[in-house]
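As given, the protein sequences belong to chains A and B, one line each in that order.
Last residue of the first sequence: number 187 in our numbering, and the count goes up by one each step with no gaps.
Last residue of the second sequence: number 293 in our numbering, and the count goes up by one each step with no gaps.
Here's the structure, in C-alpha cells; my notes come after.
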Amino acid sequence: MTDTISFSQEVSNLLYAAEGEPLRTCIQCGTCSGTCPVAGYMDYTPRQIIALINAGNKEQVLESNTFWYCASCYHCTVRCPQKINITELMYALKRYSIWKGQHKEGLIGPTFSEAFVKMIVRGGRSFEPVLAPSYIFSLNLREMLQEVTNATELLLKGRLPVLPARIKRIDSFKRMIGRIIPMGGLE
Amino acid sequence: MKEYAYFPGCSLEKMAVSYHLSALETTKKLGIKLKELEDWNCCGATTYFYIDELLAYTLCARNLAIAEKTGLDVVAPCSACYKNMYFTAAHLKKDADLAEHVNFALEEDNLQYNGNVNIKHLIEVFAQDVSAEEIKSKVTRPLEGIRVAPYYGCQIVRPQKEKEDVEQPQFFEGILSAIGATPVNYPLKMRCCGGSLIISSRTAALAMVRNLLQSAVDSQATVIATACPMCQVNLECYQQQVNQEFGTNFSFPVLYFTQLIGLAFGIPPKKLGIGKEFVSIAPSLLRAGQSKD
Ligand code: SF4
Ligand code: SF4
Ligand code: SF4
Ligand code: SF4
Chain A
1 MTDTISFSQE VSNLLYAAEG EPLRTCIQCG TCSGTCPVAG YMDYTPRQII ALINAGNKEQ
61 VLESNTFWYC ASCYHCTVRC PQKINITELM YALKRYSIWK GQHKEGLIGP TFSEAFVKMI
121 VRGGRSFEPV LAPSYIFSLN LREMLQEVTN ATELLLKGRL PVLPARIKRI DSFKRMIGRI
181 IPMGGLE
Chain B
1 MKEYAYFPGC SLEKMAVSYH LSALETTKKL GIKLKELEDW NCCGATTYFY IDELLAYTLC
61 ARNLAIAEKT GLDVVAPCSA CYKNMYFTAA HLKKDADLAE HVNFALEEDN LQYNGNVNIK
121 HLIEVFAQDV SAEEIKSKVT RPLEGIRVAP YYGCQIVRPQ KEKEDVEQPQ FFEGILSAIG
181 ATPVNYPLKM RCCGGSLIIS SRTAALAMVR NLLQSAVDSQ ATVIATACPM CQVNLECYQQ
241 QVNQEFGTNF SFPVLYFTQL IGLAFGIPPK KLGIGKEFVS IAPSLLRAGQ SKD
C-alpha cells in the first residue's frame, strides 16, 4: 500500500464529484450506524465499514454484505455531521464489487440488479415477470413461495402487466445506450 | 388551468394503477391537467446506480429532454423516479462534462437536454402549487374522525435539496387536515420501509415493514397514507408475510394520499381504484366519505 493509491482514495474516486478524500474526514461518531434501519443485519455497520476502508482492509469490505443491505434511504446522509454521503458510498461499493466480480456468496442483490438493468435495456420499461426466473432460485423455499403467492395475487387483482410494455423508439433507445456501454456486455 | 408534464413511471401502469387513477381524478377536480410524457422510459429506480452511473443519468436525461420540449414542469408520483429525475437535473446543471457525455448519447435518439426543467413530486403539487383553501373548497365529504398516519418514507424529502426540513416536515399533515381528516402523530413517518430490500434482503425488509405497521397501530390510525407506489406495495402487500415471520396479526389498510383526497372530493371509490387493495379499507372510511352530500 505504499506506492499504489489507498483503498480509501480508490473508493473516493468513485463518488460523484467528491473532492479529496471525504471518507478521511469521518470522526467515527456513529450517528450513521445509530440512524441506519438495517444496521442490525449488516456484517459491519456503516461507521465500521468506513473505518475498514480507511484502514485499507479491502478484502474485508468487499466480502461483507453491508452495502448490499443498504436500503438507499439517505437517513444517515442527512444526519452525518461531516456531510459524508454515506448512501452514495454504498452505491459506489456495489458498483465496484460488480465490476470486480467480487462479492459475498449467496447474495441476491447483484443478480437482481443485473437482471433488472438487462430487462430495461431490452425493452425500455420494467416488467416484473421477466425478472422472476433470474433470482427466484436463489431464494430459499419459503421466500420463493412468498414471492409466487404475491405475484399471483397481484395478477388476480389486475395489478401485474400481462405483456411487457415497450417504448416505441426502441431502436434509437438502444443506440443511445450503446453510446454509454457496449451492448455486448448486457445482451 | 395549470398543466404539467406527467411521468407516471412503470409501476403506475399496473401495480399502482389506483395511484394513477386517483392522481388524474383529483388533479382534474382542481383544474390541473397532467399530460403524460410522450414515449418515456423507466428511470431505473436505484438499480442503474448499482451498475453504471452514466447509464443511470442518461436514462433520466432522456425523459428530461422529452419533457423540456413541452416547456412544462414535470410531475412524478413515484418517490424514486422523482429523486432520480431531480438529482439528475441538478447534476447536469452543475457538471458541464457530464451534460456533454449525456447529450452525446441522447443525440442517437434525436434529443438534447439543456437544463431547463423543474421537477416536482405529485405531493408537492398539492402541498405547494395548490393552496389548502383551494383543496378545502372542493371537499364535499370531509373525512371527519378518520385518523390517518402520513407516511413520508425516504425519497420525497431525502437527500436534502436546499434548506427544507428533513426531520419533521408537516406538508403531508397539512393536506390531510385540508380534507377534514385527523393526521396522527406517526413517529416512524420518516423511516424507510425497506422496499428496495424486499427481494434481496427479505428478513430485514419485513422487519422494517413490521415496525412501520406497529407504529401506525400504536398511534391509533385507521389507515396509512403513502405518496409512493413502492412504499404502498411494500407496506400493504407483504403484511401476510410479516405475520408469518413475526407471528403478528396485521391487517392494516394503506392507501395513496390521492385516494383519500378523492374520497373527500366525493369522487366514486371505483374511479379512485378503491377495491384493488389486498387489505380492504375500513367501512368507516368509506362511510365518512359518503355520509355528507
Ligand atoms: S455519521 Fe459521518 S462522521 Fe459520524 S461515523 Fe458516520 S460517516 Fe463518520
Ligand atoms: S442509506 Fe443505507 S447505510 Fe444509510 S441509513 Fe439508509 S440503509 Fe443505512
Ligand atoms: S422508480 Fe421504478 S417504476 Fe419508477 S420509473 Fe423508475 S423504475 Fe420504473
Ligand atoms: S421503499 Fe424505502 S427507500 Fe424506497 S421510497 Fe419507500 S420508504 Fe423510501
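Ideal Cβ placement from N, Cα and C applies to all residues, glycine included.
A quick note: this is a predicted structure, and the numbers were derived from the prediction, not measured.
Beta-carbon proximity of residue i to residue j, cut-off 8 Å
i: residue 264/B; j: residue 180/B; result: yes
i: residue 26/B; j: residue 261/B; result: yes
i: residue 147/B; j: residue 222/B; result: yes
i: residue 156/B; j: residue 219/B; result: no
i: residue 235/B; j: residue 254/B; result: yes
i: residue 198/A; j: residue 88/A; result: No answer is possible for residue 198/A: the residues shown for chain A start at 1 and end at 187.
i: residue 60/A; j: residue 26/A; result: no
i: residue 46/A; j: residue 208/B; result: no
i: residue 186/B; j: residue 18/B; result: no
i: residue 31/A; j: residue 80/A; result: yes
i: residue 167/B; j: residue 113/B; result: no
i: residue 238/B; j: residue 198/B; result: yes
i: residue 242/B; j: residue 188/B; result: no
i: residue 7/B; j: residue 63/B; result: yes
i: residue 159/B; j: residue 11/A; result: no
i: residue 61/B; j: residue 106/B; result: yes
i: residue 75/B; j: residue 122/B; result: yes
i: residue 73/B; j: residue 116/B; result: no
i: residue 70/A; j: residue 90/A; result: yes
i: residue 139/B; j: residue 32/B; result: no
i: residue 49/A; j: residue 55/B; result: no
i: residue 300/B; j: residue 120/B; result: Outside the shown range of chain B (1 to 293) lies residue 300/B, about which nothing can therefore be said.
beta-carbon residue i near ligand 2 non-hydrogen atom, thresh 7 Å
i: residue 200/B; result: no
i: residue 82/B; result: no
i: residue 38/A; result: yes
i: residue 71/A; result: yes
i: residue 152/B; result: no
i: residue 1/B; result: no
i: residue 90/A; result: yes
i: residue 228/B; result: no
i: residue 231/B; result: no
i: residue 74/A; result: yes
i: residue 203/B; result: no
i: residue 192/B; result: yes
i: residue 35/A; result: yes
Integer-rounded CB distance, given that residue j should sit under 8 Å from residue i
i: residue 77/B; j: residue 174/B; result: That pair is no contact at about 18 Å.
i: residue 11/B; j: residue 229/B; result: 4 Å
i: residue 35/B; j: residue 4/B; result: 7 Å
i: residue 246/B; j: residue 210/B; result: 5 Å
i: residue 100/B; j: residue 179/A; result: Not a contact, Cβ separation roughly 12 Å.
i: residue 43/A; j: residue 57/A; result: About 12 Å separates the two Cβ atoms, so there is no contact after all.
i: residue 97/A; j: residue 54/A; result: With 8 Å as the limit, residue 97/A and residue 54/A do not qualify as a contact, their Cβ atoms being about 18 Å apart.
Strand pairing of residue i, partner residues [DSSP]
i: residue 183/B; result: 148/B
i: residue 35/B; result: 5/B
i: residue 256/B; result: 226/B
i: residue 119/B; result: 74/B
Amino acids of chain C, ordered along the chain, whose beta-carbon sits closer than 7 Å to that of residue i
i: residue 179/A; result: Absence of chain C from the displayed structure is noted, the protein chains being A and B.
### Query
ligand 1: which residues have Cβ under 7 Å from any of its heavy atoms, chain order?
The filter returns 26/A, 27/A, 28/A, 29/A, 30/A, 31/A, 32/A, 33/A, 46/A, 47/A, 50/A, 76/A, 79/A, 80/A, 81/A, 82/A, 84/A, 86/A, in chain order.
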